[in-house]
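*Asks:* Right, I'll just put the structure down here and ask away after.
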Amino acid sequence: MESEAESSDVKASGGSSESNGEPSTKKQRVDLAGLPTRQYLDQTVVPILLQAVMQLNKERPGDPIEWLANYLLKNKAQYSNGTS
Numbered sequence: 001m002e003s004e005a006e007s008s009d010v011k012a013s014g015g016s017s018e019s020n021g022e023p024s025t026k027k028q029r030v031d032l033a034g035l036p037t038r039q040y041l042d043q044t045v046v047p048i049l050l051q052a053v054m055q056l057n058k059e060r061p062g063d064p065i066e067w068l069a070n071y072l073l074k075n076k077a078q079y080s081n082g083t084s
């Protein structure tokens with residue numbers, strides 16, 4: 001029997017299409033909305049934030065908030081998982 005966490009992971013991973021003909025990205029968005037807070041953040045923003053903060057620490061710009069905002073905007077396509 002599959003646990004609830006495993007079930008959520010399988011649903012969030014998606015496929016090319018669902019059996020009812022809906023694109024998997026729409027199904028994925030619905031499933032992400034139902035995830036617990038920690039899982040939602042881990043699957044959507046934590047990967048890009050970790051990379052951004054590591055780079056921010058290396059560069060140490062004068063305005064770290066503006067730098068972080070620009071980094072996120074420039075690099076969001078690399079981390080997009082159908083949630084935007």
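Take the sequence shown: its letters are residues 1 to 84, numbered as in UniProt numbering.
C-beta atoms are modelled at their ideal positions from N, C-alpha and C, and glycine is treated no differently.
Bear in mind that the values here come from a model prediction, so they are computed numbers and not experimental data.
Count the other C-beta atoms from every protein chain shown that fall within 10 angstroms of the C-beta of Ala69, then say buried if there are 16 or more, exposed otherwise.
*Replies:* The residue is exposed, with fewer than 16 neighbouring Cβ atoms inside 10 Å.
*Asks:* Just confirm the distance between the C-beta atoms of Leu56 and Pro47, as a whole number of angstroms; I'd bet it's less than 8 Å.
*Replies:* Their Cβ separation, rounded to whole angstroms, is 15 Å, which puts Leu56 and Pro47 out of contact at 8 Å.
*Asks:* So for Val45, helix, strand or coil by DSSP?
*Replies:* coil
*Asks:* By how many angstroms is the C-alpha of Ala33 removed from the C-alpha of Tyr40?
*Replies:* 8 Å
*Asks:* For Tyr79, which residues from the same chain have a beta carbon less than 7 Å from its beta carbon, with the 5 sequence-adjacent residues on both sides left out?
*Replies:* Pro47 and Ile48
*Asks:* Specify, as a first and last residue, the run of the alpha helix (DSSP H) that Pro64 falls within.
*Replies:* Pro64 to Tyr79
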